[in-house]
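Following: one structure in structure tokens, then a few remarks.
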Amino acid sequence: MLGLKYESQRGYIALEYYGRTVTIKILPVGVHLEQLRSVLNLPELGVKVAELLKQFCHRNRLLLLGVDDMDIFKGISLKLLAFEQLLMQHPEWRGRVVLVQIANPARGRGKDVREVQEESDAMVRRINDAFGQPGYQPVILIDQPLQFYERMAYYVVAECCLVTAVRDGMNLIPYEYVIARQGNERIDSILGLGPASRKKSMLVVSEFIGCSPSLSGAIRVNPWNIDSVADAMDYALEMPEGEKVLRHEKHHRYVSTHDVGYWANSFLQDLERICLDHNRRRCWGIGFGLKFRVVALDPNFKKLAVEHLVLAYRRTKKRVILLDYDGTLMPQTSLGKSPTSRTIDMLNSLCRDRNNMVFLVSAKSRMTLNEWFLPCESLGLAAEHGCFLRLRRDAEWETCVPVIDCSWKQIAEPVMKTYTETTDGSTIEDKETAIVWCYEDADPDFGSCQAKELHDHLESVLANEPVSVKAGPNLVEVKPQGVSKGLVAKRILSTTQERGDADDDLPDFVLCVGDDRSDEDMFEVIAAAAAARGVSSLQAEAEVFACTVGRKPSKAKYYLDDPADIVRLVQGLASVSDDDQTHAPPPPPPSAATTAADTVPR
1 MLGLKYESQR
11 GYIALEYYGR
21 TVTIKILPVG
31 VHLEQLRSVL
41 NLPELGVKVA
51 ELLKQFCHRN
61 RLLLLGVDDM
71 DIFKGISLKL
81 LAFEQLLMQH
91 PEWRGRVVLV
101 QIANPARGRG
111 KDVREVQEES
121 DAMVRRINDA
131 FGQPGYQPVI
141 LIDQPLQFYE
151 RMAYYVVAEC
161 CLVTAVRDGM
171 NLIPYEYVIA
181 RQGNERIDSI
191 LGLGPASRKK
201 SMLVVSEFIG
211 CSPSLSGAIR
221 VNPWNIDSVA
231 DAMDYALEMP
241 EGEKVLRHEK
251 HHRYVSTHDV
261 GYWANSFLQD
271 LERICLDHNR
281 RRCWGIGFGL
291 KFRVVALDPN
301 FKKLAVEHLV
311 LAYRRTKKRV
321 ILLDYDGTLM
331 PQTSLGKSPT
341 SRTIDMLNSL
351 CRDRNNMVFL
361 VSAKSRMTLN
371 EWFLPCESLG
381 LAAEHGCFLR
391 LRRDAEWETC
401 VPVIDCSWKQ
411 IAEPVMKTYT
421 ETTDGSTIED
431 KETAIVWCYE
441 DADPDFGSCQ
451 AKELHDHLES
461 VLANEPVSVK
471 AGPNLVEVKP
481 QGVSKGLVAK
491 RILSTTQERG
501 DADDDLPDFV
511 LCVGDDRSDE
521 DMFEVIAAAA
531 AARGVSSLQA
541 EAEVFACTVG
551 RKPSKAKYYL
561 DDPADIVRLV
571 QGLASVSDDD
581 QTHAPPPPPP
591 SAATTAADTV
601 PR
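Put into structure tokens, the structure is as follows:
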């Protein structure tokens, strides 16, 4: 829904949000077990249980119990309709089953509350008039406050508890009922149960209450379906005793082990675990009002000092430079996406330096890159996130992944066209191995919502295809699985390793610059190579600079504020290379023999 990156970890969902891990865990709160057990030991509760047994059970009548607030969302009237349906469809239960509905006083006042109360009273009178007998009242409505021990007494004698709210929060009534039905020795003696007697209970719960997923042995119902609720009541009454025992034991085991103490401890443990790395993060507040965000950054994340980079550049001799294009050398908001003559001259200056291997790593197609950077003879190009690689202009394009089947485009393209038709300003870019839906010219809010919906739609229809659906800045892209800029970064570093016969031939300087999520794969590869300096594709004393655009959570160690800073940085390195070429010592003079040979008349 939010379009955030997430993963499942140890039973909870972890959202990656502005450098912070936000965890979401479903952990229903439990009851205060010791408090309930202490109430079960009260003498007055035993007296009330004996009174209720005399009123109901000694006459061989089964008690159905409902405990709800007098509220429009608790579904009291729906429950009464279902009970009326039960008595109409199953005459055998008339005179044998009693519904006791405890209606706690409403927490507020108003027209809605009065209507609910009047409707409930009218339905109770109608049911009792239709099915009542001398000495038998089918429905007993208790609309006055009860002591907690009195409510627990009703739990003890009830054959089944009905919780049929149309919308509710956690609702711990079923938990209290299960604990009460488990009872204790004193309650057992009042009920006439022996020490070996196995306890039983039955629950009919609405699928719209919070505790429903936790009670696997309960009969779940849609409270709006009157026939279904009536059938559930009949099923609960007819169920064999052995099955009732098994369901009760399952519920009691869960409720007694997942009490409020367990809930609190579990929450605190999760909180401690998720906060372990807080001391290793620096948090910054950005934005105002509803756009305020807290960003967590690594303490070692800092602005790239150009002077430090230039010094490292001057003293190194084998350099690898990896540059992103959109959002790095060219602002994302720029209408003219093609490089300027200044950019071409800057890249050519870097490439003329024989100590440099310069690569432009872009999401653009190889046809576009070839056209734009045709004047750059020694510039390496990586197209479509590294799917294609060319080491220099006169070299052939290499494919970095196995042969790609693009038949999935027949599925993805019609879906994208549908969203393009309904999103003004959006376009589709069809590449050789990928297809992109762009919405940078659409309304930002509407385009973002459409992109999230399109992302989910494409993931659904392409679930069985060898592709991945990625969301980027103002775009949604479908590309082959395994293709990433990290793949091409690894390929370039391995190429330099293959060319170098000695350790001195390995790169001693790496600069990697990018601006978005796709560039994080490059940063990760560069960081891994830096950690293994001397035993991998880099020299032991190699200088490594991974730099992102903007102060934001990243796997890069450095940042610069905007593309203009990046261009100034690269221009500065190009100037250093030009100066080095200008002040390079002249080639050694020819030998005397060569000079004499050259002066012989022809």
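Taken in order, the sequence shown gives residues 1 to 602; the numbers are from the UniProt record's numbering.
Even for Gly, the Cβ is constructed at its ideal location relative to N, Cα and C.
#1: Between the Cα of Asp-112 and those of Arg-273, Val-157, Gln-147, Ile-72, spot the shortest distance and give me the residue it belongs to.
#2: For a quick check, are the C-beta atoms of Lys-250 and Gly-217 less than 7 Å apart?
#3: Need the endpoints of the beta strand (DSSP E) that Ser-468 sits in, please.
#4: Counting C-beta neighbours from all protein chains within 10 Å, is the total for Phe-56 16 or more, i.e. buried, or is it exposed?
#5: With a threshold of 7 Å on Cβ separation, who are the neighbours of Val-29 within its own chain once the five nearest residues in sequence on each side are excluded?
#6: How would you label Lys-291, buried or exposed, when you count the other beta carbons within 10 angstroms and need 16 or more for buried?
#7: For the beta strand (DSSP E) containing Pro-480, name the first residue and the last one.
#8: Around the C-beta of Pro-601, are 16 or more other C-beta atoms found within 10 angstroms, so that it is buried, or is it exposed?
#9: Val-221 and Val-163: beta carbons closer than 7 Å?
#10: Is Asp-112 helix, strand or coil when you go by DSSP?
#11: Measuring CB atoms only, is the segment 503–519 touching the segment 277–296, in the sense that at least three cross pairs come out at less than 8 Å?
#12: Taking only three categories from DSSP, how would you classify Ile-127?
#13: Please confirm if the segment 142–155 is in contact with the segment 61–70, defined as three or more CB-CB distances below 8 Å between the two stretches.
#14: Do you know how far the Cα of Pro-507 is from the Cα of Ala-542?
#15: Going along the chain, which residues of its own chain have a beta-carbon closer than 7 Å to the beta-carbon of Ala-106, five neighbours each way excluded?
#16: Excluding the five sequence neighbours on either side, which residues of its own chain have a C-beta within less than 7 Å of the C-beta of Leu-335, listed in chain order?
#17: Going by DSSP, which residues form a beta bridge with residue 613?
#18: Based on the DSSP secondary-structure assignment, which residues constitute the bridge partners of Thr-21?
#19: Taking only three categories from DSSP, how would you classify Thr-548?
#20: Please work out which residues of its chain come closer than 6 Å, Cβ to Cβ, to Asp-443, disregarding the five sequence neighbours upstream and downstream, and give them in chain order.
#21: Would you call Met-202 buried or exposed, if buried means 16 or more other Cβ atoms sit within 10 Å of its Cβ?
#22: Could you round the C-beta distance between Ala-564 and Val-525 to whole angstroms and report it? I think they count as a contact, below 8 Å.
#23: For Pro-339, is the classification buried or exposed, using 16 other Cβ atoms within 10 angstroms of its Cβ as the cut-off for buried?
#24: Asn-464 bridges to which residues according to DSSP?
#25: Nearest to Glu-38 by alpha carbon, out of Tyr-12, Ala-180, Trp-93?
#26: Measuring only the C-alpha atoms, how far is Arg-319 from Ser-577?
#27: Would you call the segment 413–426 in contact with the segment 443–455, where contact means no fewer than 3 C-beta pairs closer than 8 Å?
#28: Distance check for Glu-7 and Glu-371, CA to CA, integer angstroms please.
#29: Determine the direct distance from the alpha carbon of Gly-110 to that of Glu-185, and round the result to whole angstroms.
#30: Please identify the residue among Ser-365, Lys-200, Gly-95, Glu-115 whose C-alpha is closest to the C-alpha of Gly-135.
#31: How long is the line joining the alpha carbons of Arg-247 and Lys-200, rounded to whole angstroms?
#32: Quick check: the Cα distance between Met-233 and Val-178, rounded to an integer number of angstroms?
On the basis of the coordinates in this document:
#1: For the purposes of this step, residue 112 is taken as residue 112 along the sequence shown, with counting starting at 1. Of Arg-273, Val-157, Gln-147, Ile-72, the residue nearest in Cα terms is Ile-72.
#2: As a working mapping, residue 250 is identified with position 250 in the sequence shown. As a working mapping, residue 217 is identified with position 217 in the sequence shown. Yes, the Cβ-Cβ distance between Lys-250 and Gly-217 is below 7 Å.
#3: Against the sequence shown, residue 468 aligns to sequence position 468. Ser-468 -> beta strand (DSSP E) spans 467–472.
#4: By 1-based counting over the sequence shown, the position of residue 56 is 56. Phe-56 is buried by the Cβ-count criterion.
#5: Taking the first residue of the sequence shown as 1, we reach residue 29 at position 29. Correct list, in chain order: Met-170, Val-260, Trp-263.
#6: Counting from one through the sequence shown, the residue named residue 291 turns up at place 291. By the neighbour-count rule (16 or more Cβ atoms within 10 Å), Lys-291 is not buried but exposed.
#7: Within the sequence shown, the letter at position 480 stands for residue 480. Pro-480 -> beta strand (DSSP E) spans 475–480.
#8: Start at 1 with the first residue of the sequence shown, and residue 601 comes out as number 601. Because Pro-601 sits at a pLDDT of 40, beneath the cut-off of 50, its placement in the model cannot be relied upon, and the point is left open.
#9: As a position in the sequence shown, residue 221 is number 221, starting the count at 1. As a position in the sequence shown, residue 163 is number 163, starting the count at 1. Not closer than 7 Å, so no.
#10: Reading the sequence shown from its first residue, position 112 is the one you call residue 112. Asp-112: helix per DSSP, three-state reduction.
#11: no
#12: As a position in the sequence shown, residue 127 is number 127, starting the count at 1. Of the three classes helix, strand and coil, the one that applies to Ile-127 here is helix, per DSSP.
#13: yes
#14: Numbered from its first residue, the sequence shown carries residue 542 at position 542. Numbered from its first residue, the sequence shown carries residue 507 at position 507. Taking the straight line joining both Cα atoms gives about 7 Å.
#15: Indexing the sequence shown from 1 puts residue 106 at position 106. Once the five neighbours on either side are set aside, the close Cβ partners of Ala-106 are Asp-69, Met-70, Asp-71, Val-113.
#16: The residue labelled residue 335 in the question sits at position 335 within the sequence shown. At Leu-335 the pLDDT is 49, less than 50, meaning the model places this residue with poor confidence; the figure from the coordinates comes in the next sentence. Counting only Cβ-Cβ distances below 7 Å, and skipping sequence neighbours, we find nothing.
#17: Residue 613 lies beyond the stretch modelled for the chain, which goes from 1 to 602, so this question has no answer here.
#18: To locate residue 21, count along the sequence shown from 1; it is residue 21. According to DSSP, which records beta bridges pairwise, Thr-21 is partnered with Glu-16.
#19: One-based indexing of the sequence shown puts residue 548 at position 548. Thr-548 falls in the strand class under three-state DSSP.
#20: The residue labelled residue 443 in the question sits at position 443 within the sequence shown. Contacts found: none.
#21: Your numbering for residue 202 matches position 202 in the sequence shown. By the 10 Å Cβ count, Met-202 comes out buried.
#22: Here residue 564 refers to the residue found at position 564 of the sequence shown. Here residue 525 refers to the residue found at position 525 of the sequence shown. With a Cβ gap of about 27 Å, Ala-564 and Val-525 do not count as contacting.
#23: Your numbering for residue 339 matches position 339 in the sequence shown. Label assigned to Pro-339: buried.
#24: Stepping through the sequence shown from its first residue, residue 464 is reached at position 464. Beta-bridge pairing links Asn-464 to no other residue.
#25: The residue given as residue 38 occupies position 38 in the sequence shown. Checking the displayed sequence, the identity of residue 38 turns out to be Ser instead of Glu. Comparing Cα-Cα distances from Ser-38 to each of Tyr-12, Ala-180, Trp-93, the minimum goes to Ala-180.
#26: For this step, residue 319 is matched to residue 319 along the sequence shown. For this step, residue 577 is matched to residue 577 along the sequence shown. Cα to Cα, the separation comes out at about 12 Å.
#27: yes
#28: Walking along the sequence shown from the start, residue 371 turns up at place 371. Walking along the sequence shown from the start, residue 7 turns up at place 7. In a straight line, the C-alpha of Glu-371 is about 40 Å away from that of Glu-7.
#29: Taking the first residue of the sequence shown as 1, we reach residue 185 at position 185. Taking the first residue of the sequence shown as 1, we reach residue 110 at position 110. Going by the C-alpha atoms only, they are around 45 Å apart.
#30: The residue labelled residue 135 in the question sits at position 135 within the sequence shown. Looking at the Cα atoms, Gly-95 is the closest of the given residues.
#31: Translated into the one-based positions of the sequence shown, residue 247 becomes position 247. Translated into the one-based positions of the sequence shown, residue 200 becomes position 200. Roughly 8 Å between the two C-alpha positions.
#32: Taking the sequence shown and counting its residues from 1, the one referred to as residue 233 is at position 233. Taking the sequence shown and counting its residues from 1, the one referred to as residue 178 is at position 178. Computed Cα separation, rounded: 17 Å.
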